[in-house]
Amino acid sequence: MIGHEFVGTVLAAGDAVTRVAVGDRVLGCFQTACGRCFFCMRGLFHKCDFSRTFGHGAALGDLPGSQAEQVLVPGADLVLRPVPEGMNADVALFAGDVLGTRLPRGRRCRAAPR
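Numbering (the working numbering), first residue to last: 938 to 1051.
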């Protein structure tokens, strides 16, 4: 895998997790966010007061890297996204990279018609 993004299958989920379930194929980006702080409530997840980054040590939240057999994902409801049926793992991994690095204005972009 490249970077700190990941693709995998949910093996377990806490009681507060409602957007993904055991058995779901998901992708995640390098950064976590709480979804509840001042910045998250305004959609500025990259500025989250409680942000943590996978694999960057104590300075960025002390989460282990995501190039592992299993990853514990804080804020899973916000961080994880279901992978569409039939999507190639490499494409899903790239999507995980885009989730964390898009500019805040990216929300206004629309997918090109097929």
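Positions of the beta carbon are idealized from the N, C-alpha and C atoms, including for glycine. The structure presented is a predicted model; accordingly, all values stated were derived computationally and were not measured.
Contact between the region 974 to 982 and the region 948 to 963 is absent: fewer than three C-beta pairs spanning the two stretches fall below 8 Å. The count of Cβ pairs closer than 8 Å, one atom from the region 994 to 1012 and one from the region 965 to 972, reaches three, so the stretches are in contact. In this chain, the alpha helix (DSSP H) harbouring L1015 covers 1013 to 1016.
The three-state secondary structure of L981, taken from DSSP, is coil. By the neighbour-count definition (other C-beta atoms within 10 Å, threshold 16), V1016 is a buried residue. In this structure, the beta-carbon distance from T955 to D1014 falls below 8 Å. Nearest neighbour of G951 by Cα position, chosen from A1029, G1012, T990, L1030, turns out to be G1012.
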